[in-house]
Every structure is written in structure tokens, then in C-alpha cells.
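With UniProt numbering applied, the sequence shown covers 1 to 350.
Okay, structure first, notes after.
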Amino acid sequence: MTHDEGTDTMPTDDRPTDDLPTDEQVTGGRDDLPPDEPPAGVHPADAPRPAAGAAGPRTFRVLVVPGVNPDRWLRVWQDRLADVPLELVVSEPADAERRLRGGDADVAIVRLPVDRDGLSTIPLYIETTVVVAPREHVFSVAEEVTPDDLADETVIVPDDDLVGWTPPPGEPFVGGPVPTTADAVDLVAAGAGVVLLPQSVERLHHRRGVVARPVTDAPGSAVALVWVTERHDDLTEEFVGIVRGRTAASSRGRGTPPEPSGGRSAKSGGKPGSRSGKPAGGKGSGAKGSGGKGSGGKTTGKAGGRSTGGKTTGGKTTGGKTTGGKSTGGKPGGKKPGGTTPPRRPRRPR
């Protein structure tokens, strides 16, 4: 190797390529290093999940369809399992079941019906059905609409219909197929007819120029929690418990809090003292025992027959109610001697 003055030449490695270290030799033969990204052509949801005990937390994925609002359940999850990230996967209703089965999510909150073969389902609630009509329509002055009110209306049924009223009331729309709910709302705003939607979906697509009114006796849109039965695990059970309203103490999943140290003894020892939680000594030493209601009240009287300040020794003459009665030996704070009440005159002996 030559070196010309003023020129920096990097040395080259003339070793044959067979002598260079392989990737396995560089990593020390470790196969537990997580890949930076899944192989080409593999969807991230289909990539293998980290095994139990592997580095990095697992992400729990919840698939939802438009109109579903899981915020209250997500807040509870964050409180109970803050170390487990939760990801929302938004899907169109027509693709939700396929994506759930394909591994895009651990659980899904979707609209029924679904094919229950291999799926576990928990119905959550039924949504009210509303009719969307032009703002100048007569429905705008009504509080609710009946199926009979729809008999003379042109009812637009989009291809992604979410109500499933079969057969739908009213007259069918003859302007050709309507691919989506958004297209149907646009036609309603143009005065082409009315459309029936779940209330939450109507709120998503609400726009100026239309009104919505609830329809009595219309089929509702049922919303359910769904998951693949064979993929049920502790995190799935935890989310099921949250949706069902279980508390953290009654949860069967991974977020169950540990038992407090001491078990039931912690509860039984809440108040210091005896078994019942009352101070040691009960009514004896602190109540009517040695001190009674005062320092010389009923207790001293019971022990000595009300002799000191009672009605025995002093009677009503010397230790009566004023001087030695209820004031001196009775309850503290009574009438003081020499107060406004004059002492009673003793009776003359006969």
C-alpha cells in the first residue's frame, strides 16, 4: 500500500469474502432480537405476536365501526392496564368481520348480524333508528315519526344499509343504486327522498339542510362486542370485564389488583381497640365506670350510694339540687351555687 503526501487513502480489505463475518457471527447467533418491521408482503396485524415474557409490551387492538364510541371503556383500560398500549382500528362495517378474523384486531365492536361461526359475541346495546329528511320537510315539525308516516315517502336504501328493515317502508328510490350512506344523505339534502339510519351514524353524516327524527316501532341497530373464540386470552377477558362493567376487584383478567396484606384482619382491625371496634374498657372505665358523665356523677353515686353529691347524705336540705345536688355532683355545666334560683327554705320540724 502506498501513501501519497497530501492524499488520504483508506486501507482496503483484500480478504476474500469467505473470510468476512456473517450476520449470525455479528449478532452472536442470537435469534431473540425483535425485527424492526415484518417481512415484505406481510400485514403488520398478521405478524407474529410477542411471546409471553418477550421484550416489549403487546399492543391490544380494538376494531370499531363508524358510530361506535368506546371512549369510556378506553379510559378504564388506561387506568387498569396502563402498561399495555391500546390501539383503535377503524373499519367500514362491510370489512369489519373479515379484518377481525384475519388478525387485524383482538376484539371488535360491530353491528349485528355477524356470522357467529368461530366468534364469541356479547350484545351491548340497541341504537335508535332515525329518519333523515330535508329541512323543509313536514317531519321537521314533528317530535317523532311512525311507520305509517313513511308510507308515502321515497325511502333511499344505500348499499351499506345499517338498519336492515325488510321490506323497507315507503316507496323505493328509482334513481339507481346508492353506494354509501354519505351518498344517501347527499340525495336527501337535494330533496330526493329520506333515509333511515342509526342515530349515531346520522350524527356522523349530519349536514346543513337536513333534519333527523326518531322512528317509533322501527328495528334498531344492535351493537356487540365480538372476538375470535380460539384467540381468547387474559387481555381479552380484561376488556370483556370492562365492557360489562366489572370493577377492578371482580375482574377475571390480568388487571385484578392484589389482595391487601393481612386479608380480612385489615378490615377487622379498622378501629383500634376490641373486636367490636369500641375503645378498650367499653362502658366501664371511660363511660359510666369510674368517671361517669362527670367526675362525680352517677358512677360515684352507684359506688357510694349517691353519698357525696347525691340525695342521700345532703338530702334536699344541705346538698340539695342547688348547692350539692345536680350542680356539684351531677353533670358538669349545671346550675352553679348562688345562681338566679334562690335556695329552697328548709321545712320546720313538727
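Note that the Cβ used here is the ideal one computed from N, Cα and C, for glycine as well.
Would you mind sorting G241 into buried or exposed? The rule is 16 or more other CB atoms within 10 Å of its CB.
buried
If you draw a straight line from the C-alpha of E97 to the C-alpha of F239, how long is it?
One C-alpha to the other measures close to 18 Å.
Mind checking G67: buried by the 16 CB within 10 Å criterion, or exposed?
buried
State yes or no: is the C-beta of T180 within less than 7 Å of the C-beta of D160?
yes
Pick helix, strand or coil for S140, following the three-state DSSP scheme.
helix
Take V188 as the anchor and find which of P158, D106, E237 and I122 has the nearest alpha-carbon.
If you compare the alpha carbons of P158, D106, E237 and I122 with that of V188, the shortest gap goes to P158.
With 16 other CB atoms within 10 Å as the buried threshold, where does E127 fall?
Counting Cβ neighbours within 10 Å, E127 comes out buried, since at least 16 surround it.
Could you spell out the range, first to last residue, of the beta strand (DSSP E) harbouring F60?
F60 to V64
In whole angstroms, what separates the C-alpha of E144 from that of P214?
5 Å
Would you check if there are 3 or more beta carbon pairs closer than 8 Å linking the segment 220 to 239 to the segment 120 to 138?
yes
Whose C-beta lies closer than 6 Å to the C-beta of H206 among residues of the same chain, with five residues either side of it excluded?
none
Can you list, in chain order, the residues of its chain with a C-beta nearer than 7 Å to that of V201? Leave out the 5 residues immediately preceding and following it.
If we look at V201 and ignore the five residues flanking it on each side, its Cβ neighbours are P66, G67, L162 and T181.
Going straight from the alpha carbon of L235 to that of L124, what length do you get?
19 Å
Within the same chain, show all residues whose beta-carbon is closer than 6 Å to that of F139, passing over the 5 residues directly before and after it, in chain order.
A133, V145 and R213
Comparing C-alpha positions only, which one of T129, V130 and R101 sits nearest to R116?
R101
Suppose you measure from the CA of V243 to the CA of V174; what does that come to, to the nearest Å?
42 Å
Between the alpha carbons of P209 and A248, how many angstroms are there, rounded?
The question names Pro, yet the displayed sequence has Gly at residue 209. The alpha-carbon atoms of G209 and A248 are separated by roughly 46 Å.
If you check the beta carbons only, do V64 and V107 fall under 7 Å apart?
Their beta carbons are not under 7 Å apart, which means V64 does not touch V107 by this criterion.
Using a threshold of 7 Å, state whether the C-beta atoms of R111 and V211 are closer than that.
no
Ends of the beta strand (DSSP E) at E127?
L119 to E127
Using C-beta distances below 7 Å, list every residue in its chain close to K321, excluding the 5 sequence neighbours before and after it, in chain order.
Summary for K321: the model assigns pLDDT 45, below 50, so the residue's position carries little reliability; its value from the coordinates is reported in the next sentence. Excluding sequence neighbours, K321 sits near nothing in its chain.
If we ignore side chains and look at the alpha-carbon of each, how far apart do F60 and D186 end up?
Those two C-alpha atoms are separated by around 37 Å.
State the DSSP-derived secondary structure class of P172, mapped to helix, strand or coil.
strand
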